[in-house]
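Here's the structure we're looking at; comments come further down.
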Amino acid sequence: MCWVKVIAVLAACLFITVHSAEWTYKGDHGDDHWPELFDKCAQRHQSPINIYEGDLTIDSQLLPFRFSNYDALVDMVLSNNGHSAVVTLGPTVPVAISGGGLTNTYNAVQFHFHWGETSVDGSEHLVSSAAYPMELHIVHYNTKYPDFSTASVQPDGLAVLGFMFEISSTNNKNLDNIVNNFANVMTVGTSVSLGAGTLSSILPPSFSKFYRYPGSLTTPGCDESVTWTVFKETIQISELQLQVFRSLTDSHNELLSENHRGVQPINDRVVVANFDPHIHWSYHATSEWSDLYEACSAENQSPINIETNLTQADEKLQVLTFKNYDGSSPVTMKLKNTGHAAQVDFSGAEISVSNGGLPDEYVASQLHFHWGSHDLIGSEHLIDDHSYPMELHIVHYKKSLGSLANAATEAEGLAVLGIFFQISSNDNPALNSIIQNLGSIQMPDTSVEIPTFSLNSILPANRVDFYRYEGSLTTPRCLESVIWTVFKDSVPISSAQLDKFRNIRSSERDQNGQNIALVDNTRHVQYLNGRVVLRNFNLPPPDNYWSYKGSHGPSSWAHDYPLCGDRYTGRQSPVNIDTKKVLFNVVNSIPLRLDGYNASSGYTLTMRNTGHSVQIDIDGNLTVSRGGLRFTYRATQVHFHWGSDSTRGSEHTIDGRSYPMESTSQFLSDLKLAEFYGSVSTTLVYLSVSFRSQTLQSSLAISALMVDKAMELKYVGGVFGGNIKPVPFLCLLLKMLQIQPEKDIVVEFIKNEDFKYVRALGALYMRLTGTSVDCYKYLEPLYYDYRKLKVIDRNGVFSIIYMDEFIDNLLREERVCDIILPRIQKRNVLEETNVLETRVSAIEEDIDDVESEEEEEITKDVKKIVPPPPVKENKPPRQSSPHRRRISPRRRDNRENHRHRSPVKRRSRSRERVDKRHRSPPDLKHREDLRYKGINKKARYEREDDRHRRRHIDRSYKEKDREHRAHRENKRDGGREDKREGGREDRREGAREDRRNSGRDSRREGGRDEKRESGRDRDDKGRKNTNIQHLLLVSFFHTGSSVLLDVVAFPFLPSDTSSFFRYDGSLTTPGCYETVTWTLFRETIKVSEDQIAKLRTLQQIDHSTNLPTPMVDNNRPVQPLNGRTVTSIFWF
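Residue numbers (mature numbering (1 follows the signal peptide of the UniProt record, and there is no 0)): -20 to -1, 1 to 1112.
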């Protein structure tokens, strides 16, 4: 019995080639993951497969098997290897097979079983998509190899016989010896001797019909070394015996069930059989075709429903060329009843079609008809869900492939012309040759030769216009090798002629064995699955067609929708909201009540392409009330409006400004639903949200590109010339305002010392978009940049300005580069509120110190305290800057104004405030040079400590210096500062001073500055809203497409819904019903450029050209308010 132990050890090895990686039939190491764990399991010729009997190739050369010692007694050992019950055969008696199409003799080494948790499935192979409760595999290896392990990796190394089990009401006694010993192998690694037995005893009494294909082991490592033979005959087993198999446990001590691998693709393999399964298909069971024929379940099947609004025009589809369609050449035509259709076969002269977008010349082989049981149905293809009473198919094969059989299995091997028939009152004489002979083919498989007729006569009069798509045969085997051409126009046929077709008989029989009438010989339409149907003609625009552009744009809506033309007296939308004219309404100050929007369930969102917008239909109980609304409104849908670029897109505008996108949520009043189409009652509420474009991941890349462009700038300026042309500097600035780079990126622009125009661009952008604090913080250090800037004026004349002059203009002037700058807080106000540290202008302080040194007393004190500066030797004197030479009275006045010295309260220079002051670090080593010459930044910082040491050596020097400077300032300035503060600044403040006195301005400025500092708000000058809510987008490109969205909360409202505009208006699409209460939120939702770009890829049909075009700029122009009032609950 020592060989029993050896066999038990080898059992696991024989069931599977040895692999160290763990594998199971389910879970993380299940058969779905085998390709990831074992490379060979991902190859193309894997097992098991679904054996489609309809696709079988009958091979008469497959001779019967020769079985050697299958009836001899052989020692057997039953073991549990954790994956199956394995019976290993003893080595004493060689059990072998040969013949059956095998090229050599194969020795049997073991057999094992695969079963399921229930009797519904369990077999590894399927036969015509049917599973069996259990499958037996008898494993043999090729005797030309020394052993099983060597043979298992060779292409012809193994031969496996597969037998299916069927449930019987009684036990199979031939299995008793195996089943009764299962109690000894319940756990992994156990084995038991079964004694001597015959292999043939467990097989069917007779078995000769089998399927054959090349495949692999069905367990890892999945070596493709198996010649598979699956027998048609089955083995009987009772449900009780099968339950014993399911009682085994695996390596995880769980019940060993479902130990079968899923079926694998057949790919390019051919499954053959040594018998004819006599498969019969029927039009009454088209859903079963996919069980018998693999291709019938593929994705590019025919026929289809041609939705004309989804078709695309293709200029490459030229006119078809027909050869010998006129009947002038000798062609033999035979009419026959195939049992499925009336068919005419061609022989003799070659009839062909070419051009019209076909890749080759295609030769006509036959034509056949499909018809219905009545005149409302019969065609296989549908046009916009409309069926015709009959359809003709003329089948051609590619000439280069030689025959219909060869072409049917090749891509684009066939070209089929589809022609619709429409009922007419008169007979069509072109069909007489066929109809008059239908009586001769009443029964299936009968035929008759008919007079030759012209194929042109059964084509539509218009043979130019057609649809084109790639599909399949509409009968089994459903091979996807067809280029379909479906003509737009139909051919007439009378009801009497059609009845003649309905009189012939089908191959199907009734209960009495009689052939039934051949009618409704059509396959159901199949899914397009992403295919695009092309056409070579233009579609007429549908009734009441409208669009956002062209001849059917908003200006023409009034032709079909009169309310849309009520521009000057009506209440049309959208509108431009002029914030200066918005009225505060305390009634609206009650917050909106939004119910159901934060829920993760209770509603569904279905997104679809309407041809005009992306619309999200809402199915659920989402409601809005209060906030000045009279009723409770239920959400029905959300749609979006966007532009071709991020400078436009929203329908509503705020102070003339458009946003990149606007979403509109529609709510119906449950109380006034019946008056939805009225013109008076307000039954709709629209909540509108503007979207700001925010470049997320790409902002750095775009800003880097902006730097590259700024590095190429040669001058600054605004506009010039008679046509007011913007200079490149202004164009880049506008681009920055469009993309809105992050603050850190703008700061890097300003800090750039190598390219002065990059710095100037960043400074101007900061002045336009930054807060008052940021403007002073980041621009004042640039006073120490004295580089020249070339500037162009409106006449195109160039001049020179210096960087510090440019910065000074930004902080002081109202207009720079032809741009009116936004107001910023005066510096002294920010200093007094401790928002900014007190700044002492280094150059002015040094000028004052130099001037004070002219006084004899101060000069004497200075000489006592400070030694004279060392004299530079062998160095030429530094050239003075012409910029610093011209110190005009106006510039002196400007410098004093920039210091923001209040006439009431002057800055203290006491020692106690030294730590609070922000002093720009000047270089005081050469005071006289500082008045006229640029400052060396590095030297200035190196001598910072020396400056402070000298400043504070002697307190008496400082007191005298301060008194002398105050005297000179008063003498020099006189009443100029008072005049300036009381003049221009008062005019600029104007009404704002009044609002500040009443307290309103302080509330607004305080709240807004806090929001700016916290980054929560960005006004119409580009300040960002950090409340990012990403729009859920799915790529669906054609009108009518839809997809179900998976959301956890309603994503189309801003986080702050408390501030909004309110006015009464209309729908912004035809028919423009004036039944809408508009609520436009003040806060925006951020959306990235990539997200908006996805929307811009959507397609719509432009019916003026019948071509697909990008769906962009889907917004109606703003309409006049016509006396309406826009209200809000917040102040401006």
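Even glycine gets a Cβ: it sits at the ideal position worked out from N, Cα and C.
Just so we're clear, the structure is a prediction, and the values are computed from it rather than from any experiment.
Point to revise | Local Cβ density within 10 Å of F1041, reported as buried at 16 or more and exposed below that | key: buried
**Study point:** Contact set for N164: own chain, Cβ-Cβ below 6 Å, skip 5 residues either direction
**Key:** V172
Exercise for review: Drop a sphere of 10 angstroms on the beta-carbon of S405, count the other beta-carbons inside from all chains shown, and report buried for 16 or more, exposed for fewer.
Suggested key: exposed
Review point. Hey, out of E287, D55, T207, whose CA is closest to V75's CA?
Key: D55
**Study point:** C-alpha distance - L602 paired with A1073, whole-angstrom precision
**Key:** 29 Å
**Study point:** When D1082, L759, P640 are compared against D1070, the one with the closest alpha-carbon
**Key:** P640
Review point. Between E429, V107, F187, which lies nearest to I259 when the distance is taken from Cα to Cα?
Key: V107
Check your understanding: At what residues does the alpha helix (DSSP H) containing T130 begin and finish?
Key -> 128 to 131
Review point. Shortest alpha-carbon distance to A322 belongs to which of E371, L297, K296?
Key: E371
Practice item. Hey, could you find the ends of the alpha helix (DSSP H) A388 is sitting in? Key: 384 to 388
Exercise for review: Whole angstroms is fine: what's the gap from G608's alpha carbon to T1089's?
Suggested key: 41 Å
Check your understanding: Is DSSP giving P409 helix, strand or coil here?
Key -> helix
Check your understanding: Are the stretch 272 to 291 and the stretch 136 to 156 touching, with three or more C-beta to C-beta distances below 8 Å?
Key -> no
Check your understanding: In or out: S994 buried (at least 16 other Cβ within 10 Å) or exposed?
Key -> Note on S994: pLDDT 38, under 50, position unreliable in the model; the coordinate value appears next. Under this definition S994 is an exposed residue.
Review point. Grouping DSSP H, G and I as helix and E and B as strand, with all else coil, what is E392?
Key: coil
Check your understanding: Excluding five sequence neighbours on each side, which residues of the same chain lie with their C-beta closer than 7 Å to the C-beta of M746?
Key -> V726, I730, D754, C755, Y758, L759
Review point. Nearest CA to the CA of Y528: which residue from G591, G510, K561?
Key: G591
Check your understanding: Based on the DSSP secondary-structure assignment, which residues constitute the bridge partners of M114?
Key -> W95, F145
Practice item. Tell whether a beta-carbon distance below 8 Å holds between G403 and S475. Key: For clarity, residue 403 is Ile in the given sequence; the question names Gly instead. Going by C-beta atoms, I403 is nearer than 8 Å to S475.
**Study point:** Residues near residue 1113 in its chain [Cβ-Cβ closer than 7 Å; skip 5 each side]
**Key:** Examination of residue 1113 is not possible in this model, given that the chain is present from -20 through 1112 alone.
Exercise for review: To the nearest angstrom, report how far apart V846 and F786 are at their CA atoms.
Suggested key: A caution first: V846 carries a pLDDT of 44, below 50, which makes its placement in the model unreliable, though a value can still be read off. For V846 and F786, the distance between alpha carbons rounds to 36 Å.
Check your understanding: Of the choices C544, Y449, L478, whose alpha-carbon is the least far from that of R515?
Key -> Y449
Point to revise | Coarse secondary structure for Q477, derived from DSSP in three states | key: helix
Check your understanding: Taking DSSP as the reference, what is the three-state secondary structure of R739?
Key -> helix
Practice item. Return the residue from the list A395, A275, C711 that minimises the CA-CA distance to Q506. Key: A275
Check your understanding: What residue does the alpha helix (DSSP H) around residue 1124 start on, and which one ends it?
Key -> In the structure as shown, the chain starts at -20 and stops at 1112, and residue 1124 therefore has no counterpart that could be examined.
Review point. What number of angstroms, rounded off, separates the C-alpha of T455 from the C-alpha of R503?
Key: 8 Å
Check your understanding: Can you tell which of T37, L381, I77 has its C-alpha closest to the C-alpha of R46?
Key -> I77
**Study point:** Selected residue, minimal CA-CA separation from Q617, among R606, M587, F611, T627
**Key:** M587
Practice item. Go through the stretch 462 to 518 residue by residue and report every complete run of the beta strand (DSSP E) that reaches 3 residues or more, in order. Key: 462 to 474, 485 to 489, 495 to 497
Review point. Roughly how many whole angstroms lie between the Cα atoms of T4 and R457?
Key: 36 Å
Review point. Who are D599's beta bridge partners in DSSP?
Key: T584
Check your understanding: Which residues bound the alpha helix (DSSP H) around K303?
Key -> It is not in any alpha helix (DSSP H) - K303 instead sits in the beta strand (DSSP E) that spans 300 to 303.
Check your understanding: For the 8 Å Cβ check, are there 3 or more pairs between the stretch 167 to 184 and the stretch 240 to 253?
Key -> no
Exercise for review: Tell me, to the nearest whole angstrom, how far the beta carbon of L362 is from that of I286; I am working on the premise that it is less than 8 Å.
Suggested key: 7 Å
Review point. Which of the three DSSP states, helix, strand or coil, is assigned to G530?
Key: helix
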